[in-house]
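Asks:
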Amino acid sequence: MNNYFCDVLIIGGGLAGIYTALNINESKKIIIVTKESDSNSRLAQGGIAGEICVDEEVLAGHVEDTLIAGAGLNDIQAVKVLVKEAKENLERLIELGVPFDLNNEGKLAFTKEGGHRNRRILHAGGDQTGRKIMETLINHLKNRPNITLLKDYMMYDLMCNDNECFGAKFINKENKDVVVVAGATVIATGGIGGLYQASTNPRCATGDGIASAIRAQVEVQDLEFVQFHPTVFWVNNESSVRFLISEAVRGEGAFLLNRYYQRFMEKYDERLELAPRDVVSRAIVRELELTESDYVFIDARHLGKAFLEKRFPTIYAKCLESGYQMEKDLIPVSPVEHFGIGGIKIDLNGKTSTKNLYANGECASSGVHGANRLASNSLLECVVFGNRIAKSINNFNIINITNITDDQVKISKEEADYQSIKLDVQSIMSREVGIIRTEKGLKNAEIIVQNYYRNLVNNPRHLKDYYECLNVVTVSLAIIKAALTRKESIGCHYRED
Ligand SMILES: Cc1cc2nc3c(=O)[nH]c(=O)nc-3n(C[C@H](O)[C@H](O)[C@H](O)COP(=O)(O)OP(=O)(O)OC[C@H]3O[C@@H](n4cnc5c(N)ncnc54)[C@H](O)[C@@H]3O)c2cc1C
């Protein structure tokens with residue numbers, strides 16, 4: 215087994231991980247480990263929210279919109295930090311060279327998305343915001359000799375003792391091990407789309423950071439809140455990574471039609487197509503039931519070819535690839551899992567309940583999103599809290615650990631069909647722990663998933679597939695339990711009973 219020693223271990227190479235690393239002093243030795251090259255950050259289309267100003271009234275508007283989307287369950291201090299520190303961090307992204315789109319006057323072009331009262335969303339390359347940000351930041355890693363990138367290793371457990379973290383253990387596809395010992399550890403492992411049959415997330419988003427935190431008894435919170443994106447390109451395949459038709463398309467004036475070509479959002483919410491995502495997702499589910507259909511349509515025809523091609527080059531090309539011309543055709547869409555709101559509980563400096571352990575990005579729960587995330591606030595959360603973690607680590611007296619002892623896991627002889635277990639859990643989660651939930655459905659789900667959990671824990675295997683399956687089951691079970699505990703409907707947790 216290879217052992218590495220460093221000052222800071224960052225688990226995950228999405229925006230949350232890389233931005234944190236770039237803001238840590240160059241005197242610190244950093245190791246970033248990534249499981250796969252895919253990340254949610256690269257896929258982000260719509261943009262990054264933030265008011266680049268100091269006007270109290272304007273900032274209060276962003277705070278208020280975030281609280282409205284989050285149904286008031288947000289941590290108000292965290293929301294204020296998010297909104298106030300947007301300026302500093304967006305300017306830092308610009309300084310690092312992120313090519314945000316400009317308007318005809320050469321000034322930053324802001325767009326609008328559901329739930330935002332102002333045009334306050336920056337985008338890059340039209341709808342390639344995530345890709346452009348990540349390409350720019352990853353380029354900077356080349357000039358940072360203090361940062362080492364270790365690719366294709368999956369973290370399977372944190373190393374914690376007496377509520378203190380001193381690194382993590384990793385395994386690769388060939389089931390080879392690596393241990394990274396660190397003074398400070400940052401979990402930035404992204405989303406939970408892999409817990410569901412269909413999601414906008416890459417399949418490797420299996421909630422590994424959250425699962426490892428649960429195993430190490432690090433506090434987690436708000437797991438019942440899972441956001442479904444209302445307008446995802448429909449394909450006739452239940453289990454798949456699905457392509458997003460960004461909210462920004464509706465922000466620019468596209469609307470929704472049912473199978474009879476009727477607009478229907480006025481029946482559900484006065485904000486129409488730009489109501490918060492949970493509202494639009496539930497309205498679509500209802501409309502699908504009423505019209506006995508699998509999809510509704512997004513109609514962007516009136517926006518015209520020239521505008522659509524320039525403003526949404528990725529979406530336009532992807533639709534074309536599937537045989538749809540956005541200026542001529544209606545695009546079939548349906549809601550699928552998109553964003554895990556809850557996660558590892560962090561304070562305003564990104565610290566978890568365990569000493570020397572931080573979390574950032576989608577796997578973390580700072581409380582900014584409350585019961586539902588406002589569009590484009592998540593990329594902002596990655597940079598604002600990443601910067602705060604970096605500042606905290608920069609002021610942190612890192613103790614160099616040069617020796618470790620590791621408890622050996624007792625390996626069972628029994629191997630299971632981990633792929634089948636994952637598929638079954640994904641199907642249960644999609645059926646019972648989706649947009650609309652009931653106590654009966656959640657309890658049924660709990661019994662089955664609990665059973666898988668027990669069997670896996672009692673029969674450990676030192677295999678990447680085993681750990682990934684265990685993580686899917688662990689986080690699914692935690693979501694089910696949290697959803698059962700919260701009896702009322704609020705934000706994106708909707709209990710029909
Ligand atoms: C299609 C799509 C569009 C979106 N559009 C927007 C948008 O317009 N605006 C917005 O604000 N948000 C958007 N989001 C949400 C946003 O992109 C994510 O919330 C954010 O990028 C999360 O960043 P992250 O760094 O936390 O996770 P990710 O970017 O997903 O990165 C996670 C990293 O962790 C690594 N990893 C995972 N598990 C392990 C493990 N066990 N060991 C080692 N490494 C591991 C992965 O390989 C990856 O490198 C979108 C999301 C999707 C999927």
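According to my numbering, the sequence shown is numbered sequentially starting from 215. Quick reminder that beta carbons are idealized off the backbone N, C-alpha and C, glycines included.
1) Roughly how many angstroms lie between the CA atoms of A283 and K298, to the nearest whole one?
2) According to the neighbour-count rule (16 or more other Cβ atoms, all chains shown, within 10 Å of its Cβ), is D289 buried or exposed?
3) Measuring alpha carbon to alpha carbon, tell me which residue in S567, Y708, A258 is nearest V494.
4) Report buried or exposed for G311, applying the criterion of at least 16 other Cβ atoms within 10 angstroms of its Cβ.
5) For ligand 1, I want to know if Y367 counts as a neighbour, meaning its beta carbon is within less than 7 angstroms of at least one of the ligand's heavy atoms.
6) May I ask which residues mark the beginning and end of the alpha helix (DSSP H) holding I603?
7) In the DSSP assignment, what are the bridge partners of V394?
8) Since P527 is in the alpha helix (DSSP H), which residue starts that stretch and which ends it?
9) Is it buried or exposed for I262, if we count other Cβ within 10 angstroms and need 16 for buried?
10) Just curious, the beta strand (DSSP E) that L342 is in, first and last residue?
11) Entirely within the region 402-472 and at least 3 residues each: give me those beta strand (DSSP E) ranges in chain order.
12) Indicate whether the contact test is met: 3 or more Cβ pairs, each with one atom in the region 641-652 and one in the region 696-710, closer than 8 angstroms.
13) DSSP three-state label for I498, please.
14) So for I238, helix, strand or coil by DSSP?
15) Output the distance between the C-alpha atoms of H330 and H552, rounded to the nearest integer angstrom.
16) Just checking my contact of N586 with Q476 at CB under 8 angstroms: how many whole Å lie between their CB atoms?
17) Ligand 1 and Q259: does any heavy atom of the ligand fall closer than 7 angstroms to the residue's C-beta?
18) Counting C-beta neighbours from all protein chains within 10 Å, is the total for P313 16 or more, i.e. buried, or is it exposed?
19) Less than 8 angstroms between the CB atoms is what I'm expecting for C577 and A402, so what's the real figure, rounded?
20) Rounded to whole angstroms, what's the CA-CA distance from A497 to K294? Just pull it up for me.
21) Just the Cα atoms here: how many angstroms apart are L355 and S255?
22) What did DSSP end up calling V277 once you bin it into helix, strand or coil?
23) Please name the residue or residues paired with R477 in a DSSP beta bridge.
24) Which one or two residues does DSSP pair with I245 in a beta bridge?
25) Count the other C-beta atoms from every protein chain shown that fall within 10 angstroms of the C-beta of I625, then say buried if there are 16 or more, exposed otherwise.
26) Straight-line CA distance for M369 to H676?
27) Give a yes or no on whether the C-beta atoms belonging to I560 and S580 are separated by under 8 angstroms.
28) Which first and last residues belong to the alpha helix (DSSP H) in which T696 is found?
29) Can you tell me whether DSSP reads N375 as helix, strand or coil?
Replies: Judging by the given coordinates:
1) Indexing the sequence shown from 1 puts residue 283 at position 69. Indexing the sequence shown from 1 puts residue 298 at position 84. A283 and K298: Cα-Cα distance of roughly 18 angstroms.
2) Taking the first residue of the sequence shown as 1, we reach residue 289 at position 75. D289 is buried by the Cβ-count criterion.
3) Position 280 of the sequence shown, counting from 1, holds the residue named residue 494. Out of S567, Y708, A258, Y708 has the C-alpha closest to the C-alpha of V494.
4) As a first step, residue 311 must be located in the sequence shown, where it is residue number 97. So G311 ends up on the exposed side.
5) Here the question's residue 367 lines up with position 153 in the sequence shown. Yes, the beta carbon of Y367 sits closer than 7 angstroms to at least one heavy atom of ligand 1.
6) Against the sequence shown, residue 603 aligns to sequence position 389. Segment 591-608, the alpha helix (DSSP H) holding I603.
7) The residue labelled residue 394 in the question sits at position 180 within the sequence shown. V394 is bridged to Y218, A382.
8) As a working note, residue 527 is residue 313 in the sequence shown. 527-535 is the extent of the alpha helix (DSSP H) around P527.
9) To locate residue 262, count along the sequence shown from 1; it is residue 48. Buried, since its Cβ has 16 or more Cβ neighbours within 10 Å.
10) Taking the first residue of the sequence shown as 1, we reach residue 342 at position 128. In the sequence on display, residue 342 carries Gln and not Leu. Taken as a continuous stretch (DSSP letters only), Q342 belongs to no beta strand (DSSP E), as it is neither H nor E.
11) 440-447, 469-471
12) yes
13) Reading the sequence shown from its first residue, position 284 is the one you call residue 498. I498 falls in the helix class under three-state DSSP.
14) The residue labelled residue 238 in the question sits at position 24 within the sequence shown. Coil.
15) Numbered from 1 along the sequence shown, position 116 holds the residue referred to as residue 330. Numbered from 1 along the sequence shown, position 338 holds the residue referred to as residue 552. So the two alpha carbons sit approximately 19 angstroms from each other.
16) Working through the sequence shown from its first residue, we reach residue 586 at position 372. Working through the sequence shown from its first residue, we reach residue 476 at position 262. Not confirmed; about 27 angstroms, so no contact.
17) For this step, residue 259 is matched to residue 45 along the sequence shown. Yes, Cβ of Q259 sits closer than 7 angstroms to a heavy atom of ligand 1.
18) Position 99 of the sequence shown, counted from the first residue, corresponds to residue 313. Result: exposed.
19) Counting from one through the sequence shown, the residue named residue 577 turns up at place 363. Counting from one through the sequence shown, the residue named residue 402 turns up at place 188. Contact flag correct, Cβ pair sits at about 7 angstroms.
20) Here residue 497 refers to the residue found at position 283 of the sequence shown. Here residue 294 refers to the residue found at position 80 of the sequence shown. Answer to the nearest angstrom: the Cα atoms are 31 angstroms apart.
21) For the purposes of this step, residue 355 is taken as residue 141 along the sequence shown, with counting starting at 1. For the purposes of this step, residue 255 is taken as residue 41 along the sequence shown, with counting starting at 1. Rounded to the nearest angstrom, the two C-alpha atoms are 16 angstroms apart.
22) For the purposes of this step, residue 277 is taken as residue 63 along the sequence shown, with counting starting at 1. Three-state DSSP puts V277 in a helix.
23) Position 263 of the sequence shown, counted from the start, is the residue given in the question as residue 477. Bridge partners of R477: L471.
24) One-based indexing of the sequence shown puts residue 245 at position 31. DSSP lists L223, T362 as partners of I245.
25) Taking the sequence shown and counting its residues from 1, one reaches residue 625 at position 411. Under this definition I625 is an exposed residue.
26) By 1-based counting over the sequence shown, the position of residue 369 is 155. By 1-based counting over the sequence shown, the position of residue 676 is 462. Cα to Cα, M369 sits roughly 12 angstroms from H676.
27) One-based indexing of the sequence shown puts residue 560 at position 346. One-based indexing of the sequence shown puts residue 580 at position 366. A contact, by the Cβ cut-off of 8 angstroms.
28) Mapped onto the sequence shown, residue 696 falls at position 482. This sequence places Ala at residue 696; Thr is not what is there. That run of the alpha helix (DSSP H) goes 678-699.
29) As a working note, residue 375 is residue 161 in the sequence shown. Here N375 sits in strand by DSSP.
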